[in-house]
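When you line the sequence shown up against the working numbering, it's residues 6 to 119, in that order. Let me begin by presenting the structure, written as structure tokens, before commenting on it.
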Amino acid sequence: MQIQVLKSKIHRIRVTEANLDYIGSITIDEDIMDAVGLIENEKVHVVNINNGERLETYVIKGKRNSRTICLNGPAARKVQVNDIVIILAYGFMDLEEAKTFKPKVLFPTEENAL
Numbered sequence: 006m007q008i009q010v011l012k013s014k015i016h017r018i019r020v021t022e023a024n025l026d027y028i029g030s031i032t033i034d035e036d037i038m039d040a041v042g043l044i045e046n047e048k049v050h051v052v053n054i055n056n057g058e059r060l061e062t063y064v065i066k067g068k069r070n071s072r073t074i075c076l077n078g079p080a081a082r083k084v085q086v087n088d089i090v091i092i093l094a095y096g097f098m099d100l101e102e103a104k105t106f107k108p109k110v111l112f113p114t115e116e117n118a119l
């Protein structure tokens, strides 16, 4: 049996941009992506601490060391710049592997530094 478990989490990171005039997605600084094992086009859940909004989208690589967290397209309506969000990604694995698996979790600073 396979189950879906948390694989990556960015806990309480600040939204730096909201770009309505874009196809869709979330742009994340590539250094932040690497820190939690996210890849471009991976599906993520975004939970907005400020207003309770929850959405699913996919990741686009942002410029390294830019500290960018930008919600694009319709998702831009769900956030304001400076909102605090949690970004979650899940993976499928065998039940036995899942029992010992440890997700990569990042607790960035208020300035989105690693």
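For every residue, glycine included, the Cβ atom is placed at its ideal position computed from N, Cα and C.
When only Cα atoms are considered, Gly78 and Gly42 end up about 24 Å apart.
The shortest CA-to-CA distance from Asn117 to any of Leu76, Asn87 and Ile65 is the one to Asn87. Residues of the same chain with a CB within less than 6 Å of the CB of Gly96, apart from the 5 flanking positions on each side, are Lys12 in chain order. DSSP places Lys66 in the strand class (E or B) of the three-state scheme. Straight across, the Cα-Cα distance linking Gln85 with Ala23 is about 7 Å. In this chain, the beta strand (DSSP E) harbouring Val10 covers Gln7 to Arg19.
For Ile74, the enclosing beta strand (DSSP E) covers residues Ile74 to Asn77. Between Leu111 and Ile37, the gap from beta carbon to beta carbon is short of 8 Å. If you draw a straight line from the Cα of Val90 to the Cα of Met6, it is about 32 Å long. In this model, Gly57 and Val49 are separated by some 16 Å (Cα to Cα). Checking the DSSP bridge columns, you'll see Thr105 has no partner listed.
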